[in-house]
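K.L.:
So for the sequence shown, the working numbering puts the first residue at 178; every next one is plus one. We treat Cβ as the ideally placed atom computed from N, Cα and C, and that holds for glycine.
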Amino acid sequence: MNRPIRVLSLYEGFFAGGARILHTDVVAGLHSGGDQQHTVLSIASAARRDSSIQYLHKDPRYVRLTEAGIDVATLGRVAGAHAPDPSAFTERQLRIAAEAVRQADVILSLKEQPLGLLLALHERGLMPNIPVAVSLHRSDPTHSGPALSWLTEASMKGLLTAEISCAQSTSDAYDPYLSPGTARYVISNGIDTDRFRPGTKSEQASTRQRLGIPAAAPVVVFAARFDAMKDPGLFLRSAVVMSQHRPETHFVMCGAGMTLENDAFRALLNESGVTSSMNLHALGIRDDMPAIYQVADVVALTSAFGEASPLCLLEGAASGATPVTTDVGDSARTVHGIGFVTSHDPADIAAAWGSALDRRQELRDLSLAARDRFGRQRMISEYAGVVSGLIGINEAAA
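Next up, the structure:
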């Protein structure tokens with residue numbers, strides 16, 4: 178092929194979440210290399226998610242793509258709890274999608290939800306014979322709703338050429354739902370270590386002052402959306418235990434729905450035993466996460482299920498924080514040698530946070546020494562190789 182490979186990425190929508198951050202970083206990185214020309218089609222232009230309404234044009238991922246010269250189109254739907262069924266697309270939406278697909282050499286689907294759109298095109302004879310790869314980011318497919326059946330159907334019909342898992346736990350979990358003819362790849366997550374880095378004393382002092390955190394106070398950061406998968410209640414119960422032993426500790430919660438404006442979040446505070454004397458900062462969606470990680474002593478993950486390779490652990494560790502996580506997905510592998518894996522018991526989690534504070538300088542040095550293995554360039558290079566290989570798979574099949 179004497180021109181750049183034309184790659185179309187399909188998003189269910191633009192809203193806060195690690196998978197969208199990761200995929201957007203991959204798309205921007207591949208597009209900037211010059212060998213590939215990327216475009217994006219989003220099924221939704223707004224999303225009702227995590228007790229908030231999130232709009233495509235305001236989303237940092239959308240802004241990053243458009244500023245990089247990547248065209249982003251939308252079918253104009255509103256995303257909800259589940260992606261639209263293949264039968265739910267209008268003729269106009271299918272015409273828009275068919276035109277976008279027709280101009281692509283390869284399609285990348287961000288998670289399994291957009292595959293319903295491709296099945297709808299396939300049913301109407303509007304789907305060309307081009308390679309389709311799906312990027313998967315869960316370790317518990319059964320929580321994907323009806324989209325899991327679309328993944329299996331696309332794989333069995335030969336519409337799906339390959340799947341790319343972000344973790345070995347993801348690949349293992351999805352194995353029963355894919356046909357033997359679907360190519361399989363594991364590309365571990367990476368992050369921008371120029372962006373996520375240890376802060377200077379001046380940067381840390383400025384962030385602490387802005388958040389109202391004293392200079393020497395310990396900080397535990399929880400970066401997640403308000404969702405049962407993330408189990409924010411477990412984090413809050415652990416914070417209550419920690420505050421009983423170390424009342425000077427500050428707890429920073431970031432992510433969609435992590436705000437006092439969310440009725441369900443306020444109710445969870447009461448259920449968890451959080452009192453007004455605790456140093457809790459519920460910040461909601463933030464665009465300054467590098468600065469927040471820079472003041473963290475601990476980056477915490479209390480997820481109950483579904484995680485694969487959580488970005489917060491990588492981002493926090495690259496900034497100097499000690500990762501403490503429940504044993505979900507590849508989290509234990511991620512924090513091996515630099516952090517702690519705990520049970521789902523609040524006392525156990527609080528004890529691990531305390532151990533991290535007791536060994537603060539030692540563990541900070543270990544996290545910073547591991548920065549090289551967290552970098553994004555390896556991930557982008559591996560994606561570039563897979564995309565190029567998909568062209569070869571289709572040419573061989575033809």
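Using DSSP with H/G/I as helix, E/B as strand and the rest coil, what is cysteine 431?
P.N.:
Locating residue 431 in the sequence shown gives position 254, where the first residue counts as 1. Residue state, collapsed to three classes: strand.
K.L.:
Note the first and the last residue of the continuous beta strand (DSSP E) segment covering asparagine 306.
P.N.:
Here residue 306 refers to the residue found at position 129 when the sequence shown is read from its first residue. No beta strand (DSSP E) contains asparagine 306, which DSSP labels as neither H nor E.
K.L.:
Roughly how many whole angstroms lie between the Cα atoms of alanine 485 and threonine 347?
P.N.:
Here residue 485 is taken as the residue at index 308 of the sequence shown, counted from 1. Here residue 347 is taken as the residue at index 170 of the sequence shown, counted from 1. Each residue's alpha carbon lies about 6 angstroms from the other.
K.L.:
In three-state DSSP terms, what is glutamine 345?
P.N.:
For this step, residue 345 is matched to residue 168 along the sequence shown. Looking at glutamine 345 - three-state DSSP - the assignment turns out to be helix.
K.L.:
Quick one: Cα of threonine 479 to Cα of alanine 528, how far?
P.N.:
To locate residue 479, count along the sequence shown from 1; it is residue 302. To locate residue 528, count along the sequence shown from 1; it is residue 351. C-alpha separation (whole angstroms): 14 angstroms.
K.L.:
On the three-pair Cβ rule with 8 angstroms, is the stretch 396 to 412 touching the stretch 431 to 440?
P.N.:
Output reads yes: the stretch 431 to 440 touches the stretch 396 to 412.
K.L.:
Which of the three DSSP states is assigned to alanine 575 in this structure?
P.N.:
What you label residue 575 is simply residue 398 of the sequence shown in a count that begins at 1. In this prediction, alanine 575 has a pLDDT of 48, which is less than 50 and means its spatial position is unreliable; what the coordinates show is noted afterwards. In this structure, alanine 575 counts as coil in the three-state DSSP scheme.
K.L.:
Out of Val240, His259, Ser496, Gly190, state which residue places its alpha-carbon closest to the alpha-carbon of lysine 378.
P.N.:
Stepping through the sequence shown from its first residue, residue 378 is reached at position 201. When each option's Cα is compared against that of lysine 378, the closest is Ser496.
K.L.:
For proline 357, write down the residues that DSSP places opposite it in a beta bridge.
P.N.:
Numbered from its first residue, the sequence shown carries residue 357 at position 180. Paired residues: none, contrary to the question.
K.L.:
Write down the C-beta distance between serine 316 and alanine 344 rounded to the nearest angstrom, noting that I regard them as a contact closer than 8 angstroms.
P.N.:
Taking the sequence shown and counting its residues from 1, the one referred to as residue 316 is at position 139. Taking the sequence shown and counting its residues from 1, the one referred to as residue 344 is at position 167. Serine 316 to alanine 344, Cβ: 7 angstroms. Contact.
K.L.:
May I ask you to report which of helix, strand or coil DSSP gives aspartate 464?
P.N.:
Within the sequence shown, residue 464 is the residue found at index 287, counting from 1. In the structure shown, aspartate 464 sits in coil (DSSP, three-state: anything other than H, G, I, E or B).
K.L.:
Please classify serine 312: is it buried, with 16 or more other beta-carbons within 10 angstroms of its beta-carbon, or exposed?
P.N.:
Sequence index remark: in the sequence shown, residue 312 carries index 135 (1-based). Its Cβ being crowded by 16 or more others within 10 Å, serine 312 is buried.
K.L.:
With respect to the beta strand (DSSP E) encompassing aspartate 248, which residues constitute its N-terminal and C-terminal limits?
P.N.:
Mapped onto the sequence shown, residue 248 falls at position 71. First-last of the beta strand (DSSP E) with aspartate 248: 248 to 256.
K.L.:
Distance check for threonine 216 and aspartate 248, CA to CA, integer angstroms please.
P.N.:
The sequence position of residue 248 within the sequence shown is 71, counting from 1. The sequence position of residue 216 within the sequence shown is 39, counting from 1. Going by the C-alpha atoms only, they are around 5 angstroms apart.
K.L.:
Is the beta carbon of valine 184 sitting closer than 9 angstroms to the one on leucine 199?
P.N.:
On the sequence shown, position 7 is the one that residue 184 refers to. On the sequence shown, position 22 is the one that residue 199 refers to. Not a contact, by the Cβ cut-off of 9 angstroms.
K.L.:
Of all the options Glu340, Asn366, Asp371, Arg387, which has the alpha carbon lying nearest to the alpha carbon of proline 357?
P.N.:
Mapped onto the sequence shown, residue 357 falls at position 180. The shortest Cα separation from proline 357 among Glu340, Asn366, Asp371, Arg387 belongs to Glu340.
K.L.:
Once DSSP output is grouped into helix, strand and coil, what is the label at alanine 477?
P.N.:
For the purposes of this step, residue 477 is taken as residue 300 along the sequence shown, with counting starting at 1. Note: alanine 477 maps to strand in three-state DSSP.
K.L.:
I'd like the list of long-range same chain contacts for threonine 329, defined as Cβ closer than 6 angstroms, with 5 residues on each side in sequence excluded.
P.N.:
Within the sequence shown, residue 329 is the residue found at index 152, counting from 1. Around threonine 329: Tyr354.
K.L.:
Take asparagine 456 and list the residues in its own chain whose beta-carbon comes closer than 6 angstroms to its own, dropping the five residues that flank it on each side.
P.N.:
Here residue 456 refers to the residue found at position 279 of the sequence shown. Contacts found: His427.
K.L.:
Glutamate 189 to leucine 298, Cα distance in whole Å?
P.N.:
The residue labelled residue 189 in the question sits at position 12 within the sequence shown. The residue labelled residue 298 in the question sits at position 121 within the sequence shown. When rounded, the distance between both Cα atoms is 16 angstroms.
K.L.:
Using a Cβ-Cβ cutoff of less than 8 angstroms, which residues in the same chain neighbour alanine 561 once the five nearest sequence positions on both sides are dropped?
P.N.:
Translated into the one-based positions of the sequence shown, residue 561 becomes position 384. Closer than 8 angstroms at the Cβ level, and outside the excluded window around alanine 561, lie Leu207, Gly210, Asp212, Gln213.
K.L.:
At the level of alpha carbons, what is the spacing between alanine 575 and leucine 567?
P.N.:
The residue given as residue 575 occupies position 398 in the sequence shown. The residue given as residue 567 occupies position 390 in the sequence shown. Model confidence at alanine 575 stands at a pLDDT of 48, short of 50, so the residue's coordinates are unreliable and nothing is read from them.
K.L.:
Quick check on glutamine 156: does DSSP put it in helix, strand or coil?
P.N.:
Beyond the ends of the chain as shown, which are 178 and 575, falls residue 156; an answer cannot be given.
K.L.:
With 16 other CB atoms within 10 Å as the buried threshold, where does glutamate 492 fall?
P.N.:
Looking up residue 492 in the sequence shown gives position 315. Counting Cβ neighbours within 10 Å, glutamate 492 comes out buried, since at least 16 surround it.
K.L.:
Taking one C-beta from the stretch 451 to 470 and one from the stretch 251 to 258 each time, how about it: are there three or more such pairs within less than 8 angstroms?
P.N.:
Segments in contact, no.
K.L.:
Let me know if aspartate 227 comes out buried or exposed under the rule of 16 or more other beta-carbons within 10 Å of its beta-carbon.
P.N.:
Counting from one through the sequence shown, the residue named residue 227 turns up at place 50. Buried: at least 16 other Cβ atoms inside 10 Å.
K.L.:
Please state whether DSSP places phenylalanine 551 in a helix, a strand or coil.
P.N.:
For the purposes of this step, residue 551 is taken as residue 374 along the sequence shown, with counting starting at 1. In the structure shown, phenylalanine 551 sits in a helix (DSSP, three-state: H, G or I).
K.L.:
Taking only three categories from DSSP, how would you classify proline 318?
P.N.:
Position 141 of the sequence shown, counted from the start, is the residue given in the question as residue 318. Of the three classes helix, strand and coil, the one that applies to proline 318 here is helix, per DSSP.
K.L.:
I'd like the span of the beta strand (DSSP E) that includes valine 396, first residue to last.
P.N.:
Working through the sequence shown from its first residue, we reach residue 396 at position 219. Looking at the DSSP string, the run of the beta strand (DSSP E) that includes valine 396 is 396 to 400.
K.L.:
Rounded to a whole number of angstroms, what is the C-alpha to C-alpha distance between alanine 281 and serine 383?
P.N.:
Within the sequence shown, the letter at position 104 stands for residue 281. Within the sequence shown, the letter at position 206 stands for residue 383. Cα to Cα, alanine 281 sits roughly 46 angstroms from serine 383.
K.L.:
Is it buried or exposed for glutamate 289, if we count other Cβ within 10 angstroms and need 16 for buried?
P.N.:
Locating residue 289 in the sequence shown gives position 112, counting from the first residue. Classification of glutamate 289: buried, given that the 10 Å Cβ count is 16 or more.
K.L.:
So the alpha helix (DSSP H) isoleucine 273 belongs to, where does it begin and stop?
P.N.:
Here the question's residue 273 lines up with position 96 in the sequence shown. 268 to 279 is the extent of the alpha helix (DSSP H) around isoleucine 273.
K.L.:
Since tyrosine 188 sits in a beta bridge, which residues does DSSP pair it with?
P.N.:
Along the sequence shown, one-based indexing puts residue 188 at 11. Partner(s): Ser219.
K.L.:
At what residues does the alpha helix (DSSP H) containing leucine 534 begin and finish?
P.N.:
If you number the sequence shown from 1, residue 534 lands on position 357. Its alpha helix (DSSP H) spans residues 523 to 535.
K.L.:
Please state whether DSSP places alanine 224 in a helix, a strand or coil.
P.N.:
Walking along the sequence shown from the start, residue 224 turns up at place 47. DSSP places alanine 224 in strand when its eight states are reduced to three.
K.L.:
Going by the beta-carbon positions, is the gap between alanine 229 and isoleucine 469 smaller than 9 angstroms?
P.N.:
As a first step, residue 229 is located in the sequence shown; it is residue number 52 there, counting from the start. As a first step, residue 469 is located in the sequence shown; it is residue number 292 there, counting from the start. This sequence places serine at residue 229; alanine is not what is there. Contact: no.
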